[in-house]
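Here the structure comes first, spelled out in C-alpha cells, and everything after it is commentary.
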Amino acid sequence: AQTVTQSQPEMSVQEAETVTLSCTYDTSENNYYLFWYKQPPSRQMILVIRQEAYKQQNATENRFSVNFQKAAKSFSLKISDSQLGDTAMYFCAFMKLAVSGAGSYQLTFGKGTKLSVIP
Amino acid sequence: DGGITQSPKYLFRKEGQNVTLSCEQNLNHDAMYWYRQDPGQGLRLIYYSQIVNDFQKGDIAEGYSVSREKKESFPLTVTSAQKNPTAFYLCASSFAAGLEPQHFGDGTRLSIL
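Take a look at the structure:
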C-alpha cells in the first residue's frame with residue numbers, strides 16, 4: 003500500500019514571497035504519478051500540478067513548480083510570487099499506474115497543508 | 665460547460681435513516697469515485713467504478729453503498745450502518761485510461777440531526 007506524508011500541517015507566507023510545501027511518499031511501485039491539489043475555502047478540489055515518475059524534468063505551471071526526487075521519494079511544491087488567492091489547503095496525492103494501461107486510477111492523499119498568504 | 669454536479673450541498677440525516685448523495689458528470693468520463701473528507705484528514709476513498717454496472721470498494725466502504733446504472737451517474741448511499749457519517753463527501757471522475765487526472769465536484773456536507 004502507498005502512503006503519502008505531508009509533515010507541515012500549517013504554513014504562512016507573505017504576499018509576493020516564495021514558499022515550499024513538503025511531501026514524501028512510500029511505494030514499491032516504479033511507475034506512478036504525483037499530484038498537488040488545492041482546496042480553497044469553497045472546498046472545491048483544484049488540480050495544481052502533476053508529475054510523471056518516469057520524467058526526470060520537474061513540472062512547472064506558471065508560478066507553481068515541483069522538486070521531484072524519485073530516489074528520496076520526495077515531491078515538494080514551490081509557489082513563487084504568492085498571492086492572496088493561493089490561501090488554501092494543499093494536498094499531495096499519489097496514483098499508481100495500472101499495469102495494463104487501462105482501468106481506473108486510485109489516488110492516495112496526504113493529510114494536507116493549510117497555507118495562509120499574508121498581505 | 666462540462667463538469668461534475670453534486671447534490672444536495674448540505675444534507676442532514678436522522679438516526680437509523682439511509683440518505684443518498686447524488687453525483688452526475690457530463691465529461692464523458694468512464695471512471696467515478698467517492699471520497700470522504702474529515703477535519704485534519706486527507707481524502708479517503710469509499711468506492712470507485714470503472715465502468716457501468718461495476719464498482720469496487722475503497723479503503724472505507726463499510727456502511728456505504730453505490731450503484732452505477734448509467735455512465736453519467738454514481739450515487740452514494742450512506743446507510744444506518746455507518747455510525748459516524750458526519751463528513752464532507754467529494755465525488756470525482758476521470759477517463760479510465762490515459763493520463764488525465766481526476767476532476768472533482770463541489771462536495772456535499774452531511775450532518776447528523
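Chains as they are written, first to last, in my numbering: chain U, 3 to 121; chain X, 665 to 777.
Ideal placement from N, C-alpha and C gives every residue a C-beta, glycine not left out.
I want to see whether chain U comes within less than 7 Å of residue i, judged by CB atoms only; does it?
i	result
X/Leu707	yes
X/Phe768	yes
X/Pro765	yes
X/Gly771	yes
X/Val683	no
Ignore the nearest five residues each way along the sequence and tell me which others in residue i's own chain have a CB closer than 7 Å to its CB.
i	result
X/Gly722	Leu709, Ile710, Tyr711 and Tyr712
U/Ser186	This structure cannot speak to residue 186 of chain U, because chain U is shown only from 3 to 121.
X/Ser729	Thr741 and Thr743
X/Glu736	Glu688, Gln689 and Asn690
X/Asp718	Arg732
U/Glu19	Ser84
X/Pro749	Arg677, Val742, Leu774 and Ile776
With a threshold of 7 Å between beta carbons, is residue i in contact with chain X?
i	result
U/Gly114	yes
U/Phe111	yes
U/Phe70	no
U/Met13	no
U/Met91	no
U/Gly105	In this prediction, U/Gly105 has a pLDDT of 46, which is less than 50 and means its spatial position is unreliable; nothing more can be read from the coordinates.
U/Gln53	no
U/Leu49	yes
U/Gln46	yes
U/Leu117	no
Can you round the beta-carbon distance between residue i and residue j to whole angstroms, since I take them to be within the 8 Å contact cut?
i	j	result
X/Leu675	X/His767	With a Cβ gap of about 22 Å, X/Leu675 and X/His767 do not count as contacting.
U/Val50	U/Tyr35	Not quite, the Cβ-Cβ distance comes to about 13 Å (not below 8 Å), so this is no contact.
U/Ser24	U/Ser9	6 Å
X/Ala745	X/Leu774	The pair is not a contact, with the Cβ atoms about 15 Å apart (cut-off 8 Å).
U/Met91	U/Leu109	The Cβ separation is near 15 Å, so there is no contact.
U/Lys75	U/Ser67	The pair is not a contact, with the Cβ atoms about 18 Å apart (cut-off 8 Å).
U/Thr93	X/Gly667	The identity of residue 93 of chain U in the sequence shown is Phe, whereas the question assumes Thr. About 20 Å separates the two Cβ atoms, so there is no contact after all.
Pull the bridge partners of residue i from the DSSP assignment, please.
i	result
U/Asn69	U/Ser78
U/Cys94	U/Trp38
X/Gln670	X/Cys687
U/Ser14	U/Ser118
X/Arg773	X/Tyr674 and X/Phe752
U/Glu54	U/Tyr35
U/Asp28	U/Thr5
X/Arg700	X/Arg708 and X/Tyr753
X/Ala695	X/Ser758
Please list, in chain order, all residues of the same chain as residue i whose beta carbon is under 6 Å from its beta carbon, the five residues on each side excluded.
i	result
X/Leu685	Leu740, Tyr753 and Thr772
U/Ile48	Lys40
U/Asp28	Thr5
U/Asn32	none
U/Glu54	Tyr35
Under 8 Å Cβ to Cβ from residue i, same chain only, skipping five residues before and after it: list those, please.
i	result
U/Glu17	Ser84, Gln85, Leu86, Val119, Ile120 and Pro121
X/Ala725	Ile710 and Tyr711
Does residue i have its Cβ less than 7 Å from a Cβ in chain A?
i	result
X/Gln720	In the structure shown, chain A does not exist; the protein chains are U and X.
Would you check whether the ligand HEM has a heavy atom nearer than 6 Å to the C-beta of residue i?
i	result
U/Ser78	This structure does not include the ligand HEM; it has no bound ligands of any sort.
Inside the region 703-731 of chain X only - beta strand (DSSP E) runs reaching at least 3 residues:
Along the length of the region 703-731 of chain X, whole beta strand (DSSP E) runs at least 3 residues long occupy 707-713 and 728-730, reported in chain order.
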